[in-house]
DNA sequence: ACATCATATGCAAATATTATAATATTTTTA
DNA sequence: TAAAAATATTATAATATTTGCATATGATGT
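Protein chains in written order, with our numbering: chain A, 14 to 137; chain B, 14 to 137.
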């Protein structure tokens, strides 16, 4: 299982407009750097930097074909996340049942003990 | 549908260890700030900052219950992403069929035209 | 009204991310 | 082997994110 740190790392790597576009394209198939240049509208070195980042984090890899570097997806979670992001979610989650606001405190959880001293007031 | 910018924004907001923990906890139910203090091991102001950030981006909201702020999930994509991140993916994606490396150039896509001048050499 | 509890806010310092520009590397072809 | 094509690397400047700390706010009970 992915650790908390790995989850964060993965999301941070995906969370960039150029890199999302790269990943979306790679879901369609193998692409080389100059393919990305065609539609990405950022400089070639910048594209290489993003590709390098994705590769260092094990998200993509490449094979050489002549002088082309052919990049492809490696991490199977990527298509799933990209797909999720593309979905439409018309409804918000249902509000928690305990709403609406109460005056007396209908908070569903137990209250914590105060910091240093022993148990204070009442535990609701 | 979410724009590219919105996708990036969403991922960036989730991509933080404290915020992921917060969201994971909120998937179990309503929680107030001092609940988070118990297991998050960061300062209360810092927790409030993260909660504020999540709220500003429409990911969570709260209702008041006495002096407690009871936070809950709003954006329905959150549980899905959190669930994805928790999954196990034992296998990498299958390598593209066009591998292995060729000398002659078996690149599956069309090559692009060179920048300024008309069509160069051959289009493979 | 006052003290207290629960939480938020503002700001500066520390850190991280990103784009840009210049240059280097590698492979192929002539 | 030199030139060209395709891509990578590095340093740097600009910007964004995150944290810590002090303090502020608002609700509740007395």
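Yeah, the Cβ is synthetic: ideal placement off N, Cα and C, and Gly gets one too.
Nearest to residue 58(A) (by Cα), restricted to the options 69(A), 46(A), 68(A), 74(A): 46(A)
Nonlocal neighbours in the same chain, by C-beta distance under 8 Å from residue 70(A), ignoring five residues either side: 22, 23, 26
Assigned exposure category for residue 86(B) - 16 Cβ within 10 Å defines buried: buried
Short CB-CB distance (under 7 Å) between residue 54(A) and chain B: no
Residues that residue 44(A) bridges to, as DSSP identifies them: 84(A)
Distance between beta carbons of residue 73(A) and residue 67(A), contact taken as under 8 Å: 5 Å
Closer than 7 Å to chain B by CB, residue 107(A): no
Length of the line joining the Cα atoms of residue 98(A) and residue 34(A): 12 Å
Host beta strand (DSSP E) of residue 74(B) (start-end): 73–78
Residue 63(A) and residue 43(A) closer than 7 Å at C-beta: no
Cβ-Cβ distance between residue 95(B) and residue 17(B) below 7 Å: no
is_contact[residue 40(B), chain A] using C-beta, thresh 7 Å: no
Distance between residue 102(B) and residue 15(A) (C-alpha atoms, nearest Å): 9 Å
Contacts of residue 25(B) in chain A (Cβ-Cβ under 9 Å): 24, 25, 28, 29
Partner residues on chain A for residue 33(B), Cβ-Cβ distance less than 7 Å: 17, 20, 21
Proximity winner among 91(B), 76(B), 109(B), 48(B), relative to residue 108(A) (alpha-carbon distances): 76(B)
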